[in-house]
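**Student:** A single structure is presented below for examination.
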Amino acid sequence: MRAKLLLKNSFVILFSTLFCYLADFLCRTVLVHTLSMEYVGVTGLFSNILSVLSLSELGFGTVLVYSMYVPFAQNDEEKLLALTNFYKKAYLTVSLLIGSIGLLLTPFLPYIINDSPDIPKLSVYYLLYLGNTVLSYSFVYRQSLFAADQKLYITKLYSSLLRTIRTVLQIIILVTTHDFFLYLAVMLPFTLFTNLFLSWKAKKAYPFLNSDHHPTLEKEERKTIFKNVYAMFNHHVGATVLSSTDNLLISFFLGLKAVSRNDSYALIQMLLRSIFGTLFNSLNASVGNYHATKTEEETHTLFEALHFAGFWFYTFCTASFFLLVNPFITLVWGEKFLFSIPVVLLISVNFYIYGIRQISITFKEALGLLYQDRYFYQYGFHFPVGGALCSVALWFSPLHQRLLA
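Numbering (our numbering), first residue to last: 19 to 423.
Written out as C-alpha cells, the structure reads:
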C-alpha cells in the first residue's frame, strides 16, 4: 500500500507540476513580449520580498504534517482534530502578521529600487502581491491532512488544474489588454477559491472535521510543537536569506532590468527544483510511515540508498543546466536576458548545493529531526548573511561589471 501511494503521489505530482510550470513559462514569455523588462523585474522583486515575509509562517506547515503521522497510523481522530484546530489559530495569526508587516513596508518600496522605473501604480501592484500571499494561508490547515495521509496527489492535482486555468486567463489578459493590474488581480480570487475548494475536499474525505467537538492539545504537546517550530524557523531563516534576497540586492544596486535577467535563471531553477522537489516531497509521508513501522537500521539503509541516487541525479542535472541554460534563454526570451559564463557557473554551483541536500532534508522533516540540528542553523545563519555581504562588496568592486558583461 505504501509503495502504491508513493508511486501515485510521484506520478501525479510530477506531471501536474511540469504542466503548471510549462504554462508559467509561456505566461512569462508573453509578459516579456507584451510589457517592458521592468515589469518582469517587478514580478521577481515582489516575489522575493514576500518570500522573506513568509518567514512569519515559521515552519508550521512542515511541523503540522509531521505531528499527524503517528495519529494517522493509530487512527486517532481525536488527536488529528485537536491538531487541526491548533493550526487553524496558528495560520490565522501568520496571515495577519504577514499582512501587517507587508503594509508597513509599502512606503519603502521606492528605496529598494536603484533606478526609477516608468511603472505607474507600483505600490498597487505590490499590494496585490501581498493580498495574494495573505490569502494563500487561508483555510490551508485542513489540506495538511492529505499530505500526512500520503494523499498529497489530491491537493496537487486540483491546485495545479486551477493554477493552470488562472495562468491561461492571465495570458489572455496580457495579449488582449496589456494590463499588468488585471494580470495580477486575477490571482486573488483563484487563490481563495483553490483553498476553499481543497478545504471542502478535506472535510468530505475526513468526516471528523465536521464534528462540533473542539478538542485541544495538552500543554506538553503544544510545547513539543513550538520546540519543533522554533527549530524549523532556524532552518527557514538561513534558506530564505540565501535564496530569496538576490533580487532585493540586485534591485537596490542595479535596478529592475538586472532583476529581470536574474529572474530568468531563477525561474528555470524554480521549475527544475519544483519538478525534482515534488519527487522528494512525495517521499516525505512514505519515509515517515516507513520509520514508524521499521527499525532504525532499516531506515538508515533507506537513507543511504536514496542519498546515493540523489548525488548522481543532481550531478547530471547540474552539468546539463550549465551547458544548456544560456542557449535556452536566448531561444525563448532573447540575449538581453543573459548573464556571462562565470555568473552562470556560480548559479549552477548554487543549484547543485541546493539539490544535494534534498534527501537529508526529506528525512529530517519526515522523522521530525528538526530540533537536533538547530545549532547548525543558528550559527550557520552567518553563511547566508556573509553571502549577502559578499554580494554587496562585489558590487562595489570593478569585477562585478566584468561578470555581468
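Backbone N, C-alpha and C fix where the C-beta goes; we use that ideal spot for every residue, glycine too. All values reported here derive from a predicted model rather than from experimental measurement.
1. Let's test the definition: count the other Cβ atoms within 10 Å of the Cβ of H400 and tell me whether it reaches 16, buried, or not, exposed.
2. For H325, which residues in the same chain have their Cβ closer than 6 angstroms to its Cβ, ignoring the five residues on either side in sequence?
3. Counting only runs of 4+ residues fully inside the region 194 to 218, write out the alpha helix (DSSP H) ranges in chain order.
4. Starting from S113 and walking both ways along the alpha helix (DSSP H), at which residues does that stretch end?
5. Can V50 and W330 be called in contact, C-beta distance under 7 angstroms?
6. For F233, does the three-state DSSP call read helix, strand or coil?
7. Mapping the DSSP letters down to three states, classify P138 as helix, strand or coil.
8. Quick check on T352: does DSSP put it in helix, strand or coil?
9. Which of the three DSSP states, helix, strand or coil, is assigned to Q92?
10. Write down the C-beta distance between L127 and S141 rounded to the nearest angstrom, noting that I regard them as a contact closer than 8 angstroms.
11. At the level of alpha carbons, what is the spacing between L25 and A165?
12. Using DSSP with H/G/I as helix, E/B as strand and the rest coil, what is T313?
13. Out of curiosity, what's the CA-to-CA distance linking K245 and L356?
14. Which class does R375 belong to by DSSP, given the choice of helix, strand or coil?
15. Thinking just about the alpha-carbon of each residue, which of T151, A91 and M288 is nearest to the one in N213?
16. Where does the unbroken alpha helix (DSSP H) through S162 begin, and where does it stop?
17. Take L227 as the anchor and find which of T102, G295, A203 and T52 has the nearest alpha-carbon.
18. Please state whether DSSP places C157 in a helix, a strand or coil.
19. Use the C-beta contact count for D167: other C-beta atoms within 10 angstroms, 16 or more gives buried, fewer gives exposed.
20. I'd like the list of long-range same chain contacts for L289, defined as Cβ closer than 6 angstroms, with 5 residues on each side in sequence excluded.
21. Return yes when the Cβ of V112 is within less than 7 angstroms of the Cβ of Y155, no when it is not.
22. With C-beta atoms as the reference, is T35 less than 7 angstroms away from I293?
23. Assess, as a yes-or-no matter, whether the region 335 to 342 is touched by the region 365 to 376 under the definition of 3 or more beta carbon pairs within less than 8 angstroms.
24. Roughly how many angstroms separate the alpha carbons of I116 and K97, rounded to a whole number?
25. Once the 5 residues before and after F198 are set aside, which same chain residues still bring their CB inside 7 angstroms of it?
26. Nearest-angstrom Cα distance between L99 and Y84?
27. On the CB-based measure, 16 or more other CB atoms within 10 Å of its CB, does A384 come out buried or exposed?
28. Closest to L170 by C-alpha separation, out of F321, E314, I31 and F334, would be which residue?
29. Could you tell me the alpha carbon to alpha carbon distance between A220 and I371, rounded to whole angstroms?
30. Quick one: what's got a C-beta closer than 6 angstroms to F104's C-beta in the same chain, skipping five residues either side?
31. Going by DSSP in three states, L289 sits in which element: helix, strand or coil?
32. Out of curiosity, what's the CA-to-CA distance linking A108 and Y147?
33. Reducing DSSP to helix, strand and coil, say where F334 ends up.
34. Please work out which residues of its chain come closer than 7 angstroms, Cβ to Cβ, to Q287, disregarding the five sequence neighbours upstream and downstream, and give them in chain order.
35. Work out the CA separation of M86 and L163 for me, nearest whole Å.
**Tutor:** The relevant details are as follows:
1. Counted from its first residue, the sequence shown places residue 400 at position 382. Only weak support exists for where H400 lies, its pLDDT of 49 falling under 50; the value from the coordinates is given anyway. Its Cβ having fewer than 16 others within 10 Å, H400 is exposed.
2. Mapped onto the sequence shown, residue 325 falls at position 307. Closer than 6 angstroms at Cβ, skipping near neighbours: I377.
3. 198 to 203
4. One-based indexing of the sequence shown puts residue 113 at position 95. Note, S113: alpha helix (DSSP H), E95 to L123.
5. If you number the sequence shown from 1, residue 50 lands on position 32. If you number the sequence shown from 1, residue 330 lands on position 312. Contact flag unset, no.
6. Mapped onto the sequence shown, residue 233 falls at position 215. The sequence given here has Pro at residue 233, not Phe. In this structure, P233 counts as coil in the three-state DSSP scheme.
7. The residue labelled residue 138 in the question sits at position 120 within the sequence shown. It is coil, neither helix nor strand.
8. In the sequence shown, the residue the question calls residue 352 occupies position 334. It should be noted that the sequence gives Gly, not Thr, for residue 352. In this structure, G352 counts as coil in the three-state DSSP scheme.
9. Against the sequence shown, residue 92 aligns to sequence position 74. Note: Q92 maps to coil in three-state DSSP.
10. For this step, residue 127 is matched to residue 109 along the sequence shown. For this step, residue 141 is matched to residue 123 along the sequence shown. About 6 angstroms; that satisfies the 8 angstroms criterion.
11. The residue given as residue 25 occupies position 7 in the sequence shown. The residue given as residue 165 occupies position 147 in the sequence shown. Between L25 and A165, the C-alpha separation is close to 14 angstroms.
12. Position 295 of the sequence shown, counted from the first residue, corresponds to residue 313. Coil, per DSSP.
13. The residue given as residue 245 occupies position 227 in the sequence shown. The residue given as residue 356 occupies position 338 in the sequence shown. If you take the alpha carbons of K245 and L356, they lie about 44 angstroms apart.
14. Taking the sequence shown and counting its residues from 1, the one referred to as residue 375 is at position 357. Residue state, collapsed to three classes: coil.
15. In the sequence shown, the residue the question calls residue 213 occupies position 195. Nearest of T151, A91 and M288 to N213, Cα basis: T151.
16. Residue numbering aside, residue 162 sits at position 144 when the sequence shown is read from its first letter. That run of the alpha helix (DSSP H) goes S162 to A166.
17. Taking the sequence shown and counting its residues from 1, the one referred to as residue 227 is at position 209. Ranking T102, G295, A203 and T52 by Cα distance to L227 puts T102 first.
18. Numbered from its first residue, the sequence shown carries residue 157 at position 139. Note on residue identity: the sequence assigns Phe, not Cys, to residue 157. If DSSP states are grouped into helix, strand and coil, F157 belongs with coil.
19. Counted from its first residue, the sequence shown places residue 167 at position 149. Under this definition D167 is a buried residue.
20. Reading the sequence shown from its first residue, position 271 is the one you call residue 289. Counting only Cβ-Cβ distances below 6 angstroms, and skipping sequence neighbours, we find Y39.
21. On the sequence shown, residue 155 is found 137 positions in, with the first residue counted as 1. On the sequence shown, residue 112 is found 94 positions in, with the first residue counted as 1. Their beta carbons are under 7 angstroms apart, which means Y155 touches V112 by this criterion.
22. Position 17 of the sequence shown holds residue 35. Position 275 of the sequence shown holds residue 293. In contact: T35 and I293 (Cβ atoms closer than 7 angstroms).
23. yes
24. Numbered from 1 along the sequence shown, position 98 holds the residue referred to as residue 116. Numbered from 1 along the sequence shown, position 79 holds the residue referred to as residue 97. Using only the alpha carbons, I get a separation of about 28 angstroms.
25. Stepping through the sequence shown from its first residue, residue 198 is reached at position 180. Only L53, Y57 and Y143 meet the Cβ criterion.
26. The sequence position of residue 99 within the sequence shown is 81, counting from 1. The sequence position of residue 84 within the sequence shown is 66, counting from 1. Their Cα atoms are separated by approximately 15 angstroms.
27. Along the sequence shown, one-based indexing puts residue 384 at 366. A384 is buried by the Cβ-count criterion.
28. Here residue 170 is taken as the residue at index 152 of the sequence shown, counted from 1. When only C-alpha atoms are compared, the closest one is I31.
29. Taking the first residue of the sequence shown as position 1, residue 220 is located at position 202. Taking the first residue of the sequence shown as position 1, residue 371 is located at position 353. Cα to Cα, the separation comes out at about 36 angstroms.
30. Here residue 104 refers to the residue found at position 86 when the sequence shown is read from its first residue. Taken in chain order, the residues that qualify are L235.
31. Along the sequence shown, read from residue 1 onward, the residue named residue 289 stands at position 271. In this structure, L289 counts as helix in the three-state DSSP scheme.
32. The count along the sequence shown starts at 1 and reaches residue 108 at position 90. The count along the sequence shown starts at 1 and reaches residue 147 at position 129. Rounded to the nearest angstrom, the two C-alpha atoms are 22 angstroms apart.
33. Here residue 334 corresponds to residue number 316 of the sequence shown, with the count starting at 1. Of the three classes helix, strand and coil, the one that applies to F334 here is helix, per DSSP.
34. The residue labelled residue 287 in the question sits at position 269 within the sequence shown. Correct list, in chain order: F369.
35. Here residue 163 corresponds to residue number 145 of the sequence shown, with the count starting at 1. Here residue 86 corresponds to residue number 68 of the sequence shown, with the count starting at 1. Rounded to whole angstroms, L163 to M86 spans 8 angstroms at the Cα level.
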